[in-house]
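Be aware that the sequence shown starts at 0, since it is given in numbering that gives the first Met the number 0, and climbs by one per residue.
Here a beta-carbon is modelled for each residue, glycine too, at the ideal position from N, C-alpha and C.
All figures in this text were calculated on a predicted structure; none of them were measured in a lab.
Comments concern the structure below.
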Amino acid sequence: MSNDPHLAERVAKAKKIIAAPANFKVCEGCDSIVAARVVTCPNCHGYRFDESPTRVVDQATHLASRPQQSVTAEDLS
Ligand SMILES: [Zn+2]
0 MSNDPHLAER VAKAKKIIAA PANFKVCEGC DSIVAARVVT CPNCHGYRFD
50 ESPTRVVDQA THLASRPQQS VTAEDLS
């Protein structure tokens, strides 16, 4: 494990998601994990989501184990 604080943050977030995948869904447009209640993706404004818990857990595991992939709003400014 590295000491990258951002990675630690993502791992913590991923653990929360994996513990309650029903509260999340994966955006089909940008692969972001978003809250199940959102209507459009905050990242890409897409409206197609994969709500299967398997996909959510898969994606969370993926995000926790790799360098940041998705472009966040902060990255664009
Ligand atoms: Zn998206």
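- Message: I'd like the span of the alpha helix (DSSP H) that includes V25, first residue to last.
- Response: Not the alpha helix (DSSP H): V25 falls in the beta strand (DSSP E), residues 23-26.
- N22 beta carbon near ligand 1 (any heavy atom closer than 7 Å): no
- Query: Mind listing, in chain order, the residues whose beta carbon lies closer than 5 Å to a non-hydrogen atom of ligand 1?
  - Reply: Qualifying residues, in the order they occur: C26, G28, C29, S31, C40, N42, C43, G45.
- Task: Taking only the alpha-carbon atoms, compute the straight-line gap between F23 and P4 and give it to the nearest angstrom.
- Result: 23 Å
- Looking at the structure shown, is A11 part of a helix, part of a strand, or coil, going by DSSP? helix
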